[in-house]
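Here the structure is laid out as structure tokens; the discussion comes afterwards.
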Amino acid sequence: MNQTIPPTPKIISVGNRQISRIISGQATADGAGVRLRRYIGSAELDHIDPFLLLDFFESDNPDDYIAGFPSHPHRGFETVTYLLAGKVRHEDSAGHGGIIESGGIQWMTAGRGIIHSEMPEQEQGRLAGFQLWVNLPATDKMCPPAYHEYPASQIPTEIRDNGATLQVITGTTSTRTIGPVRGVTTDPIYLDVALPADSTLTEPMPKGHTAFIFVIDGELNLPDDENTPVWLSAKQLGTLSDGTAVCVRAGDTGARFLLVAARPLNEPIARYGPFVMNTPHEIEQAITDYNAGRF
Ligand code: FE2
Numbered sequence: 068m069n070q071t072i073p074p075t076p077k078i079i080s081v082g083n084r085q086i087s088r089i090i091s092g093q094a095t096a097d098g099a100g101v102r103l104r105r106y107i108g109s110a111e112l113d114h115i116d117p118f119l120l121l122d123f124f125e126s127d128n129p130d131d132y133i134a135g136f137p138s139h140p141h142r143g144f145e146t147v148t149y150l151l152a153g154k155v156r157h158e159d160s161a162g163h164g165g166i167i168e169s170g171g172i173q174w175m176t177a178g179r180g181i182i183h184s185e186m187p188e189q190e191q192g193r194l195a196g197f198q199l200w201v202n203l204p205a206t207d208k209m210c211p212p213a214y215h216e217y218p219a220s221q222i223p224t225e226i227r228d229n230g231a232t233l234q235v236i237t238g239t240t241s242t243r244t245i246g247p248v249r250g251v252t253t254d255p256i257y258l259d260v261a262l263p264a265d266s267t268l269t270e271p272m273p274k275g276h277t278a279f280i281f282v283i284d285g286e287l288n289l290p291d292d293e294n295t296p297v298w299l300s301a302k303q304l305g306t307l308s309d310g311t312a313v314c315v316r317a318g319d320t321g322a323r324f325l326l327v328a329a330r331p332l333n334e335p336i337a338r339y340g341p342f343v344m345n346t347p348h349e350i351e352q353a354i355t356d357y358n359a360g361r362f
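Written out as structure tokens, the structure reads:
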């Protein structure tokens with residue numbers, strides 16, 4: 068008798084998000100010549116609503132960063148700077164200034180317009196970190212500029228039984244650690260997580276939120292859209308499918324990674340350099356306003 072063996076059913080953890088794309092980033096330079104890798108906002112990945120851009124910079128060679136980002140404008144979105152090493156001085160047209168240091172976050176709402184500079188506050192040593200651009204809805208694009216700025220000492224660290232540590236910049240974890248950046252329109256989550264070797268992290272994730280993981284060090288294992296386990300390596304970004312939780316496992320050297328999510332806006336995007344609006348007309352208006360000194 069010819070017996071047909073049924074295929075082994077795939078074990079799918081209901082609700083868990085999967086890797087939908089792996090992005091390795093593109094080497095580029097921005098500002099006055101800062102060398103960086105661009106993961107979002109490139110030909111490889113234009114945007115993942117509401118995230119418009121993600122740059123990662125890391126170098127101990129001053130030639131790669133010393134030129135910095137001299138005076139430049141923004142309108143219509145938020146810039147989020149998170150430093151892993153080094154110091155960056157910022158000053159802006161609203162009279163605000165300060166220094167972001169290692170482990171510090173600056174969540175700047177450019178709104179209707181700001182002109183600022185972001186310059187390394189060091190002539191040697193390692194400078195590393197991220198800049199993320201988060202879009203604003205049409206109703207908020209012309210709001211007054213605003214800041215959330217916190218040094219590392221004001222970012223809570225949650226330590227789990229398995230040794231996992233979570234720096235909670237924004238959002239609320241499953242054990243109710245709340246990040247200091249609050250009141251952002253897109254309800255973001257921004258976690259810097261360190262996992263010991265072969266340990267796991269499971270966190271709920273609001274359904275519908277766009278989410279991605281960026282591996283800083285080590286390797287992370289999670290399923291792809293066929294539910295096959297895949298490895299996400301250091302300096303790779305993985306975009307995640309929709310779902311209600313994220314479950315990842317670190318490799319045998321552990322892993323440090325960003326887990327970032329926010330509610331998509333589902334609005335048209337008109338984009339020109341540092342201006343991100345809804346229509347081409349609004350971009351023309353931004354250029355006119357900037358040239359007329361109205362920022
Ligand atoms: Fe900027």
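Taking this note's numbering, the leading residue of the sequence shown gets 68, the next gets one more, and so forth. Backbone N, C-alpha and C fix where the C-beta goes; we use that ideal spot for every residue, glycine too. Note that the structure is a prediction, hence the values are computed from the model and not measured.
Asked	Found
Closest residue to Gln189 among Gly310, Thr242, His157, His141 (Cα-Cα distance)	His157
Short Cβ contact (8 Å threshold) for Val313 with Met344	no
Helix, strand or coil at Pro347 [DSSP, three-state]	helix
Nearest residue (CA-CA) to Asp254, options Ser160, Thr237, Pro347	Thr237
Buried or exposed by the 16-neighbour rule on C-beta atoms within 10 Å, applied to Gly340	exposed
Endpoints, beta strand (DSSP E) assigned at Gly285	277-290
Three-state secondary structure assigned by DSSP to Ala205	helix
Contact set for Ile89: own chain, Cβ-Cβ below 7 Å, skip 5 residues either direction	Leu299, Gln303, Gly305
Among Val147, Gly246, Ile181, Pro290, nearest to Asp159 - alpha-carbon criterion	Ile181
Beta-carbon proximity list for Ala161, same chain, < 7 Å, skipping 5 on both sides	Ile181, Pro212
Any heavy atom of the ligand FE2 nearer than 6 Å to the CB - residues listed	Phe136, His139, His141, Thr146, His183, Glu185
Per DSSP, cross-strand counterpart(s) of Ser184	Glu158
Cα-Cα separation, Ile86 to Asp309	10 Å
Sequence-distant residues of the same chain with beta carbon closer than 8 Å to Thr232, five excluded per side	Thr224, Glu225, Ile226, Val260, Ala261
Contacts around Ala219, its chain only, beta-carbon distance under 6 Å, and the 5 residues preceding and following it disregarded	Gly170, Gly171
Local conformation of Asp259 per DSSP, three classes	strand
Alpha-carbon to alpha-carbon, Glu349 and Thr320	49 Å
3 or more residues per run - each beta strand (DSSP E) lying fully within the region 214-251	224-226, 232-237
Neighbourhood of Ala8 by C-beta, 6 Å cutoff - its chain only, sequence neighbours within 5 removed	One cannot answer for residue 8 here, as it falls past the ends of the chain, which runs 68 to 362.
Close-in-space but distant-in-sequence residues of the same chain around Ala205 (CB under 7 Å, 5 per side omitted)	Glu334, Asn345
DSSP bridge partner residues for Met175 (one or two, in chain order)	Thr146, Tyr214
Where the beta strand (DSSP E) through Ala96 begins and ends	93-97
Phe118: first and last residue of the uninterrupted beta strand (DSSP E) it sits in	118-126
Proximity winner among Asp97, Thr240, Arg316, relative to His139 (alpha-carbon distances)	Asp97
For Thr311: DSSP bridge partner residues	Answer is none; Thr311 lacks a bridge partner.
Separation of Leu203 from Lys77, as counted between CA atoms	Note on Lys77: pLDDT 46, under 50, position unreliable in the model; no value is reported.
Ile280 versus Phe324: straight-line alpha-carbon distance, rounded	7 Å
Nearest-angstrom beta carbon gap, Ala264 and Leu287 [assumed within contact, 8 Å]	About 12 Å; that fails the 8 Å criterion.
Exposure of Ile245, with buried meaning 16 or more beta-carbon neighbours within 10 Å	exposed
Pair within 8 Å by beta-carbon distance, Ala155 and Pro129	Reading the sequence as shown, one finds Val at residue 155 and not Ala. No, the pair does not count as a contact, with Cβ atoms beyond the cut-off.
Range covered by the beta strand (DSSP E) that runs through Arg88	86-90
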